[in-house]
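Position 95 of the sequence shown, counting from 1, maps to 94 under numbering that gives the first Met the number 0, and the rest follow consecutively.
Right, one structure below, let's go through it.
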Amino acid sequence: MVQSKKTIYVVIGTRAQLIKTAPVMKELEERMIPFTFIYTAQHKETIDGIIRNFGIKNPDIDLGINSEAKTIRLFGVWMLRMLKILVFERKRLITKPGILITHGDTATCVWGAILGKLTGCKVIHLESGLRSF
0 MVQSKKTIYV VIGTRAQLIK TAPVMKELEE RMIPFTFIYT AQHKETIDGI
50 IRNFGIKNPD IDLGINSEAK TIRLFGVWML RMLKILVFER KRLITKPGIL
100 ITHGDTATCV WGAILGKLTG CKVIHLESGL RSF
């Protein structure tokens, strides 16, 4: 088994983030590099099927957000819950500094980057497409 010197955290919240990050998680699994999958539930209703389709393990940490951020009001509620987690629960999520991978340009991406910085992680922003240079 390959041992990673740093703890790796992958923060995902939307379908698109999971679809684009799943190959990275599969590669980590194939190389037997442990990682913690933190799921923020920005798109909860359809994510389980995508997880099964890619054959990746279920989230190690599901933040327990029980509604999608699909309206402005629900997005506001989601953001307040996420802010509460950043302030009061971040040490439960990030048990030791390491590498935090976040994807895209959504609220989850920003939240993940802030979580990483507040807990001393190196933040990697994974993006696809030409605009990421």
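Glycine included, every Cβ here is placed at the ideal spot set by N, Cα and C.
From a predicted model like this one, the values you see are computed outputs, not experimental measurements.
In DSSP terms, what residue i is bridged to
i	result
ILE36	Before going further, note that residue 36 is Phe rather than Ile in the sequence given. Looking at the DSSP assignment, PHE36 forms a beta bridge with VAL9.
VAL122	LEU99
ILE60	ILE37
Option in the options with minimal Cα separation from residue i
i	options	result
ASP104	GLN16, VAL76 and LEU62	GLN16
THR6	THR20, GLY63, ILE37 and ARG14	ILE37
LEU50	GLY63, ILE64, GLY111 and LYS25	The sequence shown places Ile at residue 50, not Leu. Of the candidates GLY63, ILE64, GLY111 and LYS25, the one whose C-alpha sits nearest the C-alpha of ILE50 is LYS25.
GLU44	GLY54, ALA106, THR35 and LYS69	LYS69
GLY136	GLY54, MET81, GLY48 and ALA112	No information on residue 136 is available, as it lies outside the stretch 0 to 132 that the chain covers here.
ARG91	PHE53, MET31, ASP61 and HIS42	ASP61
Reduced DSSP category for residue i - H, G, I as helix; E, B as strand; rest coil
i	result
ILE55	coil
THR107	helix
LYS19	helix
ALA68	coil
LYS90	helix
LYS25	helix
ARG14	helix
MET31	coil
LYS4	coil
Cβ-Cβ separation, residue j to residue i (assumed contact under 8 Å), whole Å
i	j	result
ILE93	LEU114	7 Å
GLY12	ALA40	7 Å
VAL10	THR101	5 Å
THR20	LEU125	6 Å
ARG89	THR107	Actually they are not in contact, since the Cβ atoms of ARG89 and THR107 sit about 15 Å apart, beyond 8 Å.
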